[in-house]
Each structure stands twice: as C-alpha cells, then as structure tokens.
Amino acid sequence: MSKRRLDVAVPQVFLRPNEAKKAADESKMKFAHIDGDHLTLLNVYHAYKQNHEDTQWCYDNFIQHRSMKSADNVRGQLARIMDRFNLQRRSTDFNSRDYYLNIRKALVSGFFMQEIEEACKRIKKEVDNLGSEIGELKCIPLYSTLPPTQQQRIFEAAPPDRPNGAIGRKCVVATNIAETSLTIDGVVFVIDPGFSKQKVYNPRIRVESLLVSAISRASAQQRAGRAGRTRPGKCFRLYTEKAFQEEMPPNTYPEILRSNLGTVVLQLKKLGIDDLVHFDFMDPPGEHSTLMGSH
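Position 247, counted from 1, in the sequence shown is what full-length UniProt numbering calls 247; the numbers after and before it change by one each time, with no gaps.
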C-alpha cells in the first residue's frame with residue numbers, strides 16, 4: 001500500500017550557538033507554546049512585528065532575521081493573492097482567548113476539512129445525477145474542528161422514502177474521529193479505505209509531517225465495529241486480505257513514539273526528573289528522540 005506525505009514543515013528560526021546554548025534555550029522558552037512548533041513560531045512572528053522587524057531584537061533573542069523576513073514575504077504574497085480574488089481576510093485579536101483556538105482550527109482544517117467537504121460534494125452530485133428513481137441522500141461531514149452544532153447533524157434521521165419506494169439514506173464522511181469516539185444509531189454500512197493521517201515528528205531534522213499511511217489491523221477492526229452497532233450491518237474494506245495480513249501493523253504506534261517530546265521533557269524536568277533516558281515510560285520513546293527533546 002502506497003504512502004502519500006503532506007509536509008507541515010516548521011522552519012528553523014532559532015539560533016543556538018555553542019558559546020551561548022543556555023541563553024538561547026532560555027530565549028526560546030519565552031516564545032514556546034504547549035501545542036507545538038507552529039504556534040511557537042506564530043508567537044515569534046508576532047513579537048517580531050511588535051518590535052518593528054528590528055534586526056538587533058532578532059540578534060538579542062537568538063532568532064534568524066532572514067527567516068523572519070522570508071515569513072513576512074510569504075504572508076505578503078498570500079495577502080495579495082487573496083485580494084486579487086476578492087477573498088475576505090479575517091483575523092482574531094492576539095489578546096483574544098479564541099486566538100490560539102482559531103489558529104489550531106485553521107491549521108487542522110487545511111488538511112482535513114477540504115478533503116471531507118469535497119468528498120461530500122462529489123457523493124451528493126453523483127447521487128443527484130442518478131435521478132428520482134434513487135432515494136434522497138443526506139451527506140454529512142464529520143471532523144474534529146467542525147463546530148459542535150454541525151457535528152450534531154450526524155444524529156439526524158435519514159431522509160424519508162420517495163413515493164416510488166426509493167429509500168432515503170444518510171451518509172457520514174468522517175476522519176478517524178468516528179473510529180472510537182462515538183456511535184451513530186442506524187449505521188448499516190461502513191466503507192474503510194484503509195488509510196489515516198498521522199502526525200509524525202522527525203527529531204533529526206526537527207520537522208513535523210502529516211503522513212498518509214496504512215492503518216493498523218486494530219484500527220481496521222474498530223472501523224468494522226462501527227457497522228451494525230444497533231442493527232446488522234457490513235464493512236466494505238478497500239484493500240485486500242493480503243494487505244490486511246502482511247502490510248498493516250498489528251497496532252497503531254503510540255503517539256509518544258511519533259511526537260515532539262519537547263513539552264514532555266520540560267514537564268518532567270519541572271517535576272525534578274533528570275534521568276529522562278531511563279525514565280519508566282509506558283511506551284519508551286527512542287533515546288535519540290528524548291535527547292533531541294531535551295535540547
């Protein structure tokens with residue numbers, strides 16, 4: 001089964017000279033955000049603009065001025081493209097409590113919302129083209145950043161049958177949020193493509209990526225279990241039995257093995273735990289990942 005990679009690379013904007021490693025680390029912590037590098041970089045950019053793009057400020061805070069100028073140029077290009085196509089630009093005030101929430105939604109939506117919404121449109125269009133002999137279809141998207149009021153639509157009843165007896169159906173197009181998080185009454189059929197998107201962190205180059213890869217056999221069983229929870233049903237798997245047996249791992253890799261350990265290391269250090277390599281993790285990460293997280 002092939003893999004398709006979507007990079008959400010985080011450029012290295014922080015300097016860490018050998019003669020001032022401690023000072024550089026302390027400076028970086030001023031901008032650190034618990035939810036990851038993207039929001040940390042956003043804090044850096046906001047401070048950079050507040051300080052009038054000053055080169056000396058970058059030098060004092062161990063930040064590469066060239067990287068910040070590049071980020072500013074990209075932002076300007078995006079703004080001009082949006083203006084050209086008359087796209088509205090909306091921003092949340094930096095001091096608003098919803099600022100980081102909206103940023104996280106925007107980041108995640110860019111990778112999930114577009115695909116889910118596009119799939120719903122195509123399914124609805126195909127069914128509509130079949131004419132009135134086919135029952136009405138209600139196609140509902142489901143992903144984690146969808147507003148709660150719209151998420152509740154998945155519990156709505158299917159459309160009524162047509163006078164000619166054609167059965168109305170409800171179709172939910174979802175990310176793996178539907179794998180274990182909820183049960184939808186009346187689901188009879190599940191279509192499992194055998195893939196999921198997982199966030200993976202490479203500690204060597206300090207880059208986070210969204211990797212589209214084969215799910216585990218345990219996840220496949222969870223997905224199949226969504227069919228027939230409240231009535232008999234079937235799961236249609238879009239992969240072969242051979243792929244299930246030979247190419248899918250038995251279980252999903254624990255998130256700690258594929259995440260940036262910077263925040264975890266800081267929390268353990270704060271608790272007075274210094275021997276991180278020999279700490280009794282339930283699923284021990286690699287020694288290299290732990291050491292890179294401590295840096």
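Just so it is clear, CB atoms sit at the ideal spot from N, CA and C, and this is done for glycine as well.
Linking residue 173 to residue 262 through their CA atoms gives a straight-line distance of about 34 angstroms. Pairing residue 37 with residue 260 gives a Cβ-Cβ distance under 8 angstroms. Its Cα nearest to that of residue 215, the residue 175 stands out among 149, 230, 175. Under the three-state reduction of DSSP output, residue 22 falls in the helix class. Note on residue 40: 16 or more other CB atoms within 10 angstroms of its CB, so buried under the neighbour-count rule. Taken atom to atom, the span from the alpha-carbon of residue 17 to that of residue 24 is near 8 angstroms. Look at the beta carbons and you see the region 64-83 touching the region 44-51: at least three pairs across the two are nearer than 8 angstroms.
The shortest C-alpha to C-alpha distance from residue 183 to any of 231, 137, 136, 74 is the one to 231.
A distance of 8 angstroms or more separates the beta carbons of residue 161 and residue 131.
Within the same chain, Cβ atoms closer than 7 angstroms to the Cβ of residue 127 are found at 134, 137, the five residues on either side in sequence being excluded. Looking from the CA of residue 213, the closest CA among 200, 154, 242, 95 belongs to 200.
Ranked by Cα distance from residue 255, the first of 198, 61, 31, 217 is 198.
Nearest in C-alpha terms to residue 190, of all of 141, 235, 30, is 235. Fully enclosed beta strand (DSSP E) runs of no fewer than 3 residues occupy 137-142, 169-174 of the region 131-188, in order along the chain. DSSP places residue 265 within a helical segment (H, G or I) once states are collapsed to three. Scanning its chain for C-beta atoms nearer than 8 angstroms, with the 5 sequence neighbours on each side dropped, one finds around residue 55 the residues 65, in chain order.
Ranked by how close their Cα comes to the Cα of residue 113, the residues 196, 21, 221, 144 have 144 in first place. Cβ-Cβ distances below 8 angstroms link residue 258 to 198, 199, 200, 201 in the same chain, with the five nearest sequence neighbours on each side left out; the list follows chain order.
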